[in-house]
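Residue numbers (our numbering), protein chains in the order written: chain A, 1 to 366; chain B, 1 to 366; chain C, 1 to 366; chain D, 1 to 366. Glycine is no exception: its CB is placed at the ideal position from the N, C-alpha and C atoms. I have placed the structure first, in the form of structure tokens, so that the comments after it can refer back to it.
Protein chains: 4
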Amino acid sequence: MGAVEMMSFGERFRVTLFGSSHGPEVGAIVEGIPAGRPLSVERVQAELDRRRPVGRSLASKRHEEDRLVLDGGIVDGRSVGGPIRAHVANTDVRREPYDRLRDTPRPGHADFPARVRFGPAADLSGGGIFSGRMTVGLVIAGSLARQLLEPIGIEITAFTRSIGHVDLLEVPEVPLAELRRRCSENEVWCPDPGTAERMGQLIEETRRDGDSIGGVIEVRAVGLPIGLGEPFFGSLESTLAALAFSIPAVKAIEFGAGFDAARRKGSEHNDPYGFVNGRVTPMTNHAGGILGGLSTGAPIVYRVAVKPTSSIARPQRTVNLATGEETMLVVTGRHDPCIVPRAVVVVEATTAVALAELGLRGGFLS
Amino acid sequence: MGAVEMMSFGERFRVTLFGSSHGPEVGAIVEGIPAGRPLSVERVQAELDRRRPVGRSLASKRHEEDRLVLDGGIVDGRSVGGPIRAHVANTDVRREPYDRLRDTPRPGHADFPARVRFGPAADLSGGGIFSGRMTVGLVIAGSLARQLLEPIGIEITAFTRSIGHVDLLEVPEVPLAELRRRCSENEVWCPDPGTAERMGQLIEETRRDGDSIGGVIEVRAVGLPIGLGEPFFGSLESTLAALAFSIPAVKAIEFGAGFDAARRKGSEHNDPYGFVNGRVTPMTNHAGGILGGLSTGAPIVYRVAVKPTSSIARPQRTVNLATGEETMLVVTGRHDPCIVPRAVVVVEATTAVALAELGLRGGFLS
Amino acid sequence: MGAVEMMSFGERFRVTLFGSSHGPEVGAIVEGIPAGRPLSVERVQAELDRRRPVGRSLASKRHEEDRLVLDGGIVDGRSVGGPIRAHVANTDVRREPYDRLRDTPRPGHADFPARVRFGPAADLSGGGIFSGRMTVGLVIAGSLARQLLEPIGIEITAFTRSIGHVDLLEVPEVPLAELRRRCSENEVWCPDPGTAERMGQLIEETRRDGDSIGGVIEVRAVGLPIGLGEPFFGSLESTLAALAFSIPAVKAIEFGAGFDAARRKGSEHNDPYGFVNGRVTPMTNHAGGILGGLSTGAPIVYRVAVKPTSSIARPQRTVNLATGEETMLVVTGRHDPCIVPRAVVVVEATTAVALAELGLRGGFLS
Amino acid sequence: MGAVEMMSFGERFRVTLFGSSHGPEVGAIVEGIPAGRPLSVERVQAELDRRRPVGRSLASKRHEEDRLVLDGGIVDGRSVGGPIRAHVANTDVRREPYDRLRDTPRPGHADFPARVRFGPAADLSGGGIFSGRMTVGLVIAGSLARQLLEPIGIEITAFTRSIGHVDLLEVPEVPLAELRRRCSENEVWCPDPGTAERMGQLIEETRRDGDSIGGVIEVRAVGLPIGLGEPFFGSLESTLAALAFSIPAVKAIEFGAGFDAARRKGSEHNDPYGFVNGRVTPMTNHAGGILGGLSTGAPIVYRVAVKPTSSIARPQRTVNLATGEETMLVVTGRHDPCIVPRAVVVVEATTAVALAELGLRGGFLS
């Protein structure tokens, strides 16, 4: 059977994920950052901290986890031009609950296809590779990418747009820094306090029900130079989407007007150009800041749908691969009822990686 | 300024697009097809014919265009293991209407960012690279990919799910071959005759108004072996999406339940497993046939949103880059009021390319 | 059986060869040249003309061949940032002599392993892919690469260092332009007229004998910025060698002192540093201008060994794959008795491609 | 300045080196080994042990170093299809001797171009990346590659062919296993005891003189299926050479007759075919087992020249980059007088990596 060799992304800003959820560590190697760029390890740690589980009781328990260990590539706060390798230890591995899943694949989880593909010996380890814990490496890479982008003025912020049926109806029209600040004041990472409160309540209710819930994350990126992206296979949409879908649980993505664009006339959808402060500017942004795969100068806007976590405490119908019989499964262990808030920082990370890759490719970052 | 080097896709099934809309030809080089596989050039031609403009009056005019020229890689109806190069000539190039666009970028089109990125000398040629005509190369590659997939039982069909507000409410539950047959009986490539009729009417009205309209294409792929795809960066979703977004005008994609998954509970969304004819089978398919980036054995189901064509006859506000003044633009020339029906075959093509790439990577096609 | 997908080289300066010796054309796609660089198609043609067969009688016959056809990527003498595709037609294909080789593989030629790998249906076409004629694409790419390198002061010249036992004992210490001029005055492309005369005589004698002869080509490249190259897999030696060995008939390569370095003490071999015109300069050049895979500022110097052409008129022992018997083979058709002089421009081309790739990678050409 | 992103090799058997000579560890990530293959970590350790310094006094001192730490990819002695990461700790780092080199680049070493390329802050770390210690990662990858190759009958052995002017005149015609056994009985890894003795004496003399000495390593690989390799850029010679030149100190390579082929007539050089045990077989092996970039079934034979170590105790002329004056340098610290014997296992490793890459590409190992 074939090997899993695609744990690497990128031609210029190359990310290789390593480790697994049940091994000693998870992390990433990042290649392609030019020498001499200022890089703060503390900022990477801060982004990792944003991946912590949501909910007051849990949050404190795991507070000291995920300490970043850097090995090479940064000296005296600057890139040296070589690969940057960083990881965090897996300190809290509890194998037992997973061992029972060996023969009864969880509905909605990679268990079953991974076992068929990689065999019974490999499936636990496979499960480890498919784990959301691997996104630690994405966050590491994304935080470095972001630090490469900021000096040319690119800023990225994502936030929770909806949890289940609780929607953020309107996105506050404030600068990105302020949007970010508002998000940081609540655990669900939503810029409106009232909506955030209702989202949090829904998550807690869902937890009590032994169930899980999905949601939508919206991303904004501003300050891109005009023309960033490549036509066709390296389009901004292609690159952002490929990376977004590498996050387990993401099942949809739309740029700008997105699916709504399919309902519209060209005369309604096209963004007219005008001059703003002497610069050519799209006067609306139905395109989400992207035309022909290239940035237009307007903010990049896109949304991703995150499905509900597959591991739930409620009994679910599945099969026993050993006995060949149908059976009911109750997944134990600690599982997030909603990973949307924790995924916000991961989506920011994949966005930064995409922009770093295309920025380097287009000569905007060299 | 950086070069556009990303006209290539794939590590195992490698596609390189060449040509431009205003040059002598457009086509593709396809590398990676093992030697000895049966490949019909006629079938590639047939797929190219499906890209023809929709609407009776236009269809006849361009009937003899896009004759495939093959150069190398196929001998006596079989792959020889080397690169396959194929192209069609651009026989009907009318440069003049485009020259006027040099200084007045079309709203909704790549004109503006391409010009900023590649400079005034390059933008026409750039426009040529950004043209939908480049999808000829995708269709060539896709048709070859499909012929590589069929012997292991993989079938792909796409169809028009909506045009503007005209929706296909229910997808007929028939085998893919029958679905395909029904689509082929109308110009909009929709399996329901009544809906197809209304879609066609909407397109004609839109044309008369000098406007354009968007729509949604749905894709089905069946017969995939379980486990096709790679975790993370090479997930089925990542690969299908990256290729779908390389099609100009695609602005959104969703797999299975897609954005609706973000509204649901895990207990509603997870697809339970059961045995069907002795085989483990997901009993519902909210996952769109994909878990952890791998195929589950259930049909792959996804939808893409196609925005309305940007080139419309109605006056639009834009700027004159030469004079620095705002101006109104009326795009002349022949433009499709709706490219959704023509894009159906292109989406099938990118689907086939994605599955061929991942099939080769996973050892399913060697 | 596996596919031949490796007709592409490079990450930044990407070359894809296409065509075959018996198909309609051979050529290359070149990706990665930044937009706006001056590129002369005439210069590419001039390099192609240097590939012409050596010997007065032959030269005239094929004088009109190999006219370059450019399709895209260059407008008004400048790169537009997109792929450059160029080819020459195969106007003088004589299939018949080759058909007889189908079952009796030529000693010293790719016939036998190609047939085993790609099967009987493919071997002619395979022969076509393995042909020295494919180096047309290398020369096209190399000439474009050279034009990218010259503006930063990089010059490349190769010459014939030996044919059989006829050696150029000493390389004249003159500027590269003068070296080049002297080479251009004789058909064997050797900078010393007396040696060139003896080389030419040896080639003519060899031809009369129905035999062939090998030789050595030496390459000089000057004007490289210090530090061009990458450590380990992207070292200057790795990249130059990988490309040199892609030329059929090259069997050895040595940099600087080369094999002689294996005989020496460190105290004899190390190149001491001194100041020349205020610049740090290696005072000798046993390293061939490369340390740790990076350029030192001294001229790049390397030599490649070219084996004698495998197709000779003398009877050779081989096997008949159809009958399973041993047999004698006399290769008819027009074959060069010595391809060394024609290969000089090809080695210059691969050198230029290597330096363009590494120059772009290191940020020296952006 | 550009980034060093090329610490990775391969498309199918992908090797990424990490660490540096002065950081906490060095190692490799290996991707592309199909799931379910037997892999012994002990064998990797045994190959690492062969990299130990030569000479009785030194050998014992460092005996316990370089213990392999495996993290992921192998479970219960079999590959699981995911990346294999392994490293050894740098336990004996002595920074001080190197710090003095910061401003006085060692002749023959990467110091100078690395400093120019990556700047003063980076050069120590750069020195670390350029260190021969990084070949630990090559040996790890090579040992895994070898274990992937053996089940299809491929065996690789390298040995010391010469040290300075001490040559192994004739290679014993014995099976590879026996050749290997004889090599393992002496420290210089030469199959003839008398020659080995003289080589060892020369190395000891050289050490006493505070000097260093070069040598030649010869490689044999047998059991390759016919047709392994790709035409042009992925030829066996290109791939083997690119990897061989990634080993610091390798300055030349020749396949089969090598440079001697340049002296010969085609009638002398071509290897005639005959039948041996009913199989088509080249009756001589001037081609070194490779035609058209593909394996012929005859043993692969090639030689690499290793230059004398650059770090020697003798005073050498260099420059002081801080003061701008010429100066004399005496390199202190522990340095091998001859790295040829230690490089034997590294050349075997790069050979195995090349064959694994091409074997996977050609479908011979799947």
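- Comparing C-alpha distances from D/Ile217 to each of D/Val331, D/Phe259, D/Ala305 and D/His109 shows the shortest one belongs to D/Ala305.
- In this structure, the alpha-carbon of A/Ser184 lies about 11 Å from that of A/Ala158.
- Taking the beta carbon of A/Ala110 as reference, the chain B residues within 7 Å of it are Leu291, Gly292 and Leu294, listed in sequence order.
- Ranked by how close their Cα comes to the Cα of B/Gly23, the residues C/Glu268, C/Val69 and C/Gly200 have C/Val69 in first place.
- Residues of the stretch 134-146 of chain D with a Cβ closer than 8 Å to any Cβ of chain C, in chain order: Met134.
- Counting only Cβ-Cβ distances below 7 Å, C/Arg85 has contacts in chain B at Phe18, in chain order.
- Interface residue (Cβ-Cβ distance to chain A less than 8 Å): B/Asp76 is not classified as such.
- Looking at the backbone, the Cα of A/Arg180 and that of B/Thr323 are separated by about 39 Å.
- Spatial neighbours of A/Gly292 in its own chain (CB-CB distance under 7 Å, excluding positions within 5 residues in sequence) are listed in chain order as Pro231.
- According to the DSSP assignment, B/Ile29 belongs to the beta strand (DSSP E) that extends over Glu25 to Glu31.
- Taking a beta-carbon distance threshold of 8 Å, A/Glu11 counts as an interface residue toward chain C.
- The beta carbon of B/Ile129 sits closer than 8 Å to some beta carbon of chain C.
- Around the beta carbon of D/Phe245, a 10 Å sphere encloses 16 or more other beta carbons of the protein chains shown; the residue is thus reported as buried.
- DSSP places B/His87 in no alpha helix (DSSP H) but in the uninterrupted beta strand (DSSP E) bounded by Ile84 to Ala89.
- Distances from the CA of D/Ala298 to each of C/Asn90, C/Phe112 and C/Val41 were compared; the closest alpha carbon is that of C/Phe112.
- With respect to the C-alpha of A/Gly258, the residue from B/Ala86, B/Lys307 and B/Ala242 having the closest C-alpha is B/Lys307.
- One finds Phe18, Gly19, Gly23, Pro24 and Glu25 in chain C with Cβ atoms closer than 8 Å to the Cβ of B/Asp71, taken in chain order.
- Boundaries of the alpha helix (DSSP H) around D/Gly194: Pro193 to Arg208.
- With respect to chain B, the C-beta atom of C/Ala354 has no partner C-beta closer than 8 Å.
- Fewer than three pairs of CB atoms, one per stretch, sit closer than 8 Å, so the stretch 264-274 of chain B makes no contact with the stretch 334-347 of chain B.
- By the criterion of a C-beta distance shorter than 6 Å, D/Gly164 is surrounded in its chain by Leu202 and Ile213, once the five residues flanking it on both sides are discounted.
- Taking every protein chain shown into account, the CB of B/Met7 has 16 or more other CB atoms within 10 angstroms, so this residue is buried.
- Not a single CB atom of chain B sits nearer than 8 Å to the CB of A/Gly200.
- Measuring C-alpha to C-alpha distances from A/Glu204 to each of A/Phe118, A/Val75 and A/Cys338 identifies A/Cys338 as the nearest.
- Counting only Cβ-Cβ distances below 7 Å, D/Ser366 has contacts in chain B at Gly363 and Ser366, in chain order.
- Approximately 7 Å separates the beta-carbon atoms of C/Leu144 and C/Val44; this is inside 8 Å, confirming the contact.
- Taking CB atoms only, C/Pro34 has a neighbour in chain A less than 8 Å away.
- Between D/Glu170 and D/Gly223, the C-beta gap is not smaller than 8 Å, which leaves the two residues out of contact.
- For D/Thr350, same chain residues with a beta-carbon under 8 Å away, outside a window of 5 residues either side, are Leu138, Gly142, Leu240, Leu243, Ala244, Ser246 and Ile247 in chain order.
- From the listed residues C/Ala35, C/Asn90, C/Val75 and C/Asp71, the smallest Cα separation to C/Gly19 is found for C/Asn90.
- Close CB contacts of A/Ser295 within its chain, under the 8 Å cut and outside five residues either way in sequence, are with Leu224, Pro225, Ile226, Gly227, Leu228, Gly229, Leu236 and Gly289 (chain order).
- The beta carbon of A/Ile29 sits closer than 6 Å to the beta carbons of Thr16, Pro83 and Arg85 from its chain, once the five residues preceding and following it are set aside; these are given in chain order.
- The beta carbons of C/Ile253 and D/Ile300 sit no closer together than 8 Å.
- The shortest CA-to-CA distance from D/Glu348 to any of D/Glu31, D/Leu48, D/Phe233 and D/Ser366 is the one to D/Leu48.
- Here the alpha carbons of A/Arg102 and A/Ile129 stand approximately 15 Å from one another.
- The residue from A/Trp189, A/Gly36 and A/Val174 with its alpha-carbon nearest to that of A/Ser162 is A/Trp189.
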